[in-house]
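Below you'll find the structure, written out as structure tokens, and then a few comments.
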Amino acid sequence: MSLATDPIAALGAEHRTLGETLLRHQEALIERRLAEAASLLEAYERELLRHMAFEERHLLARCLGGGAARWPSEVYRAEHRRIRQLLRRSIERLTRARAAPLTAAGLIALLDEERTLKRLVEHHHEREEQALFVELGSAGAPPCADGDPAPGSAARSRPDGPGPVSRTR
Ligand SMILES: [Fe+2]
Ligand SMILES: [Fe+2]
46 MSLATDPIAA LGAEHRTLGE TLLRHQEALI ERRLAEAASL LEAYERELLR HMAFEERHLL
106 ARCLGGGAAR WPSEVYRAEH RRIRQLLRRS IERLTRARAA PLTAAGLIAL LDEERTLKRL
166 VEHHHEREEQ ALFVELGSAG APPCADGDPA PGSAARSRPD GPGPVSRTR
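Each residue of the sequence shown is one higher than the last, beginning at 46 in the numbering used here.
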């Protein structure tokens, strides 16, 4: 099953890759490899923003008009907005923390903040995989049947197309 022929599977695979990147970021954070931790969190943000923008443009905006969806598209959009907020806050907090020696309390505060983000993202991805992706996948047609490129094909050359999270290690 290739990315080009199964965009829903491609988006699901991106969920798992994103989770791995966040885990690698937190491993670096705990081991106080702060430059690497920051680089991984920025890569995570970049890929997650692109992933969500693709979903909004190609799945939520154009592909959920049938009224049979378990959740209205606004539910997904609201979660995307909250994820963007929490992610930006985590990056800013890490940037501030790097300006001075990181204490144990500071490290715990960073991880606490990221736990909220991590739980929301996991919950959101579960919702998509159990509802949105199933609904689009069972429709018997590509989720974007209006001529847009499928994830993993021409989308790689698009600024908002899904693609793999870059690995920096
Ligand atoms: Fe999403
Ligand atoms: Fe997603």
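Positions of the beta carbon are idealized from the N, C-alpha and C atoms, including for glycine.
If you're wondering where the values come from, they're calculated on a predicted model, not measured in any experiment.
Check: Would you list the residues whose beta-carbon is nearer than 6 Å to any heavy atom of ligand 1, in the order they occur in the chain?; Outcome: Met97, Glu100, Tyr121, His125, His169, Glu173
Check: Just how far apart, CA to CA, sit Gly64 and Gly182?; Outcome: 22 Å
Check: Of the choices Gly57, Asp51, Pro52, whose alpha-carbon is the least far from that of Glu171?; Outcome: Gly57
Check: In the structure shown, what three-state DSSP assignment does Asp51 receive?; Outcome: coil
Check: Can you give me the C-alpha to C-alpha distance between Leu104 and Pro146, rounded to a whole angstrom?; Outcome: 44 Å
Check: Within the chosen definition, does the region 68-82 reach the region 125-135 through at least 3 CB pairs nearer than 8 Å?; Outcome: no
Check: Should the region 156-167 be regarded as contacting the region 114-121, the criterion being three or more beta carbon pairs within less than 8 Å?; Outcome: no
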